[in-house]
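Residue numbering for the sequence shown is 4 to 375, as defined by the numbering used here.
Ideal Cβ positions, reconstructed from N, Cα and C, are used throughout, including at glycine.
This report refers to the structure that appears directly beneath it.
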Amino acid sequence: MRIFDTTLRDGEQAPGIDLTVEQKVMIAKKLADLGVDVIEAGFPASSEGEFISTKRIFEEVGDQVEVIGLSRSNKNDIDKTISTGISSIHLFIATSELHMKYKLKMTKEEVLDKIYESVKYAKDHGMVVEFSPEDATRTEEDFLFTAIRTAIEAGAERINIPDTVGIMHPFKYYDMIKKIVNFVGERIIVSVHCHNDFGLATANSLAGVYAGARQVHVTVNGIGERAGNASLEEVVMGIKKLLNYETNVKTWKLYEVSRFVAEMTGVPVPYFKAIVGDNAFGHESGIHVHGVIENPFTYEPISPEEVGNFRRLALGKHSGIHGLRKLLEEQGIYLSDDKLKIVLAEIKKLAESGNKVTVEDAKNIALKLMNS
Ligand code: KIV
Ligand code: ZN
């Protein structure tokens with residue numbers, strides 16, 4: 004399964020995220036090292052900074068990973084993209100009625116001509132072409148298939164199906180991708196690209212993969228337009244653990260890369276974020292902590308080491324004796340069960356009066372008891 008990372012293109016399109024060329028190059032190096040198959044470095048025709056960063060990323064990591072640039076379906080954009088030195092191009096044009104009428108102000112025939120001419124032009128210049136019918140999931144089915152056929156006839160090797168405004172649900176996207184996979188045949192790679200407007204980007208991406216897509220677009224931490232894109236961490240782990248397919252991603256580096264991107268973009272990782280959130284492997288309740296101490300698999304479907312995250316055992320009003328014993332023993336403090344019960348009661352009292360109880364607090368309570 005190919006992982007196409009668009010953190011540096013769709014991710015960076017989010018309001019408030021503006022990376023410098025140097026920052027983009029640093030992130031690209033991390034992504035190459037993580038093992039993604041494709042890095043969408045930017046949109047070269049959109050600004051001088053995007054042009055330079057795409058060029059620099061290609062120079063720095065182009066020997067390790069495929070570097071691709073986004074381009075509108077016109078010659079000027081394509082020429083600009085080619086002049087960065089890269090040899091893969093992601094061409095797009097909208098195909099839904101809504102976008103063609105209000106945004107492009109073009110007829111269907113004009114859009115089909117643009118698709119054919121631009122894909123052919125890029126192919127004639129030796130590019131690998133991935134084509135996206137933008138707003139595919141709101142495109143009239145017959146026209147979508149005509150657009151896809153046109154792109155393939157002009158030479159496109161990969162067809163990406165963007166759920167541009169995130170209006171799919173997994174059952175519907177599965178059916179759609181299945182039909183497209185059957186339509187294009189083995190020779191063409193079908194790719195999925197999901198936005199998270201209904202919180203379904205990961206679920207939809209997995210449905211697409213399950214339906215036969217062989218490539219998936221993702222961003223680190225799910226950053227992107229509006230509610231974001233499908234998150235790399237969730238999709239990669241879902242593919243690995245739920246679908247049992249392989250990717251080239253070194254999953255134990257996921258946490259580190261996630262934090263790096265959070266630092267560079269200034270967008271923090273949510274506490275409850277799957278895989279890379281601070282609470283993704285957090286446990287407080289006595290029952291859960293006890294289970295995890297005996298066998299982590301009782302309450303952890305993935306081990307934190309597998310994704311480079313950490314198990315965090317917390318103390319609070321839900322704590323139990325097993326967790327407390329473990330935390331204190333890690334601090335070199337060994338207490339009898341009776342004494343542990345006294346410490347636990349103190350901890351619960353503290354927590355119930357609205358305090359956050361730390362391991363340091365538990366240690367102090369235990370030491371006071373030992374010295375009394
Ligand atoms: O969401 C989208 O439609 C896109 C396209 C440019 C592929 O990002
Ligand atoms: Zn997008």
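In chain order, what residues place their C-beta within less than 5 Å of a heavy atom belonging to the ligand KIV?
D13, F95, S135, E137, P165, T167
Just confirm the distance between the C-beta atoms of E237 and A277, as a whole number of angstroms; I'd bet it's less than 8 Å.
5 Å
Helix or strand or just coil, what does DSSP make of Q334?
coil
Count the other CB atoms within 10 Å of the CB of H102; is the residue buried (16 or more) or exposed (fewer)?
buried
With distance defined between alpha-carbon atoms, name the residue in L318, H293, L257, D66 nearest to E308.
L257
Could you compute how far the alpha carbon of D340 sits from the alpha carbon of G357?
26 Å
Using a threshold of 7 Å, is the CB atom of H196 nearer than that to any non-hydrogen atom of the ligand ZN?
yes
Give a single yes or no on whether N224 has its beta carbon closer than 7 Å to a heavy atom of the ligand ZN.
No, Cβ of N224 sits at least 7 Å from all heavy atoms of the ligand ZN.
Who are the Cβ neighbours of G289 in its own chain at under 8 Å, not counting the five residues just before and after it?
H321, S322, G323, I324, H325, G326
Can at least three beta-carbon pairs, one atom from the region 44 to 55 and one from the region 78 to 91, be found at a separation below 8 Å?
yes
Is any heavy atom in the ligand ZN found nearer than 7 Å to the beta carbon of N367?
no
Go to L203, then tell me how far its alpha helix (DSSP H) extends in each direction, as first and last residue.
Neither: L203 is in no alpha helix (DSSP H) and is coded neither H nor E.
With the cut-off set at 8 Å, would you say G1 and G158 are in Cβ contact?
Residue 1 lies beyond the range of the chain shown here (4 to 375); nothing can be said about it.
Is the separation between the beta-carbon of D8 and that of V39 shorter than 8 Å?
yes
Three-state secondary structure assigned by DSSP to P136:
strand
Please report how far the alpha carbon of F263 lies from the alpha carbon of F275, in whole angstroms.
18 Å
Does the structure place the region 111 to 124 close enough to the region 160 to 169 that three or more beta carbon pairs sit under 8 Å?
no
Buried or exposed (CB count within 10 angstroms, at least 16 for buried), M130:
buried
Spatially closest choice to Y213 from S99, D21, K182, K351, by CA coordinates:
K182
Under 8 Å between the Cβ atoms of V114 and I155?
no
Separation of I85 from F95, as counted between CA atoms:
15 Å
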